[in-house]
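*Asks:* In my numbering, the protein residues as written are 861 to 990.
Provided herewith is a single structure, encoded as structure tokens, for subsequent inquiry.
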Amino acid sequence: MEEWLHLVTKDIVVIIDAMALIIVAIGTAEAFFTGLRAAFPAPAHRRFREVLVRYGRWLVAGLTFQLAADIVGTSIAPGWQEVGQLGAIAVIRTFLNFFLERDLTELEVGARRRSGADSQGQGELRCRRG
């Protein structure tokens, strides 16, 4: 029974690692092509920052799957090296989440300010016409 559990767990870890790889690869390709479109013909700093934030979401998703694979793998053979890797991935993911959330908040506040300024400008335009 224990041997079967080890075999199944190893296969599950490989599958979850493959999922993480696919997520990061798709996110990287999307960020690359979207970043190129945002950079040409004229660089748009805000648009490029949005591309990077979206890419960060892909990386967080990939790291989450990687963390899941490490948790599953560590559950059958908890050595110090595996526990250390698990801890390192958890720390990286935590820092990435923190900075991603900060960037998302900045983008949302900036978007609200711009939409408020736009609607205020349109209100002034309507008052001048009336």
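Beta carbons: idealized from backbone N, C-alpha and C, even for Gly.
Quick caveat: nothing in here was measured; it's all calculated off a predicted structure.
Name the residue from Ile952, Leu960 and Leu946 whose alpha carbon lies nearest to the alpha carbon of Arg914.
*Replies:* Ranking the options by Cα distance to Arg914, first place goes to Leu960.
*Asks:* Helix, strand or coil for Ala937? Go by DSSP, reduced to three states.
*Replies:* coil
*Asks:* Do Ala921 and Arg907 count as a contact pair if the criterion is CB distance below 9 Å?
*Replies:* Taking 9 Å as the cut-off, the beta carbon of Arg907 is found no closer than this to the beta carbon of Ala921.
*Asks:* Excluding the 5 residues preceding and the 5 following Leu985 in the sequence, name in chain order all residues of the same chain whose CB lies nearer than 6 Å to its CB.
*Replies:* Reliability of the predicted coordinates at Leu985 is poor, the pLDDT of 48 falling under 50, and the value obtained from them is presented with this limitation in mind. Result list for Leu985: empty, nothing under 6 Å.
*Asks:* Here's a check: name, in chain order, each residue in its chain whose Cβ is nearer than 8 Å to the Cβ of Ile886, leaving out the five neighbours to either side.
*Replies:* Trp918
*Asks:* DSSP three-state label for Met879, please.
*Replies:* helix
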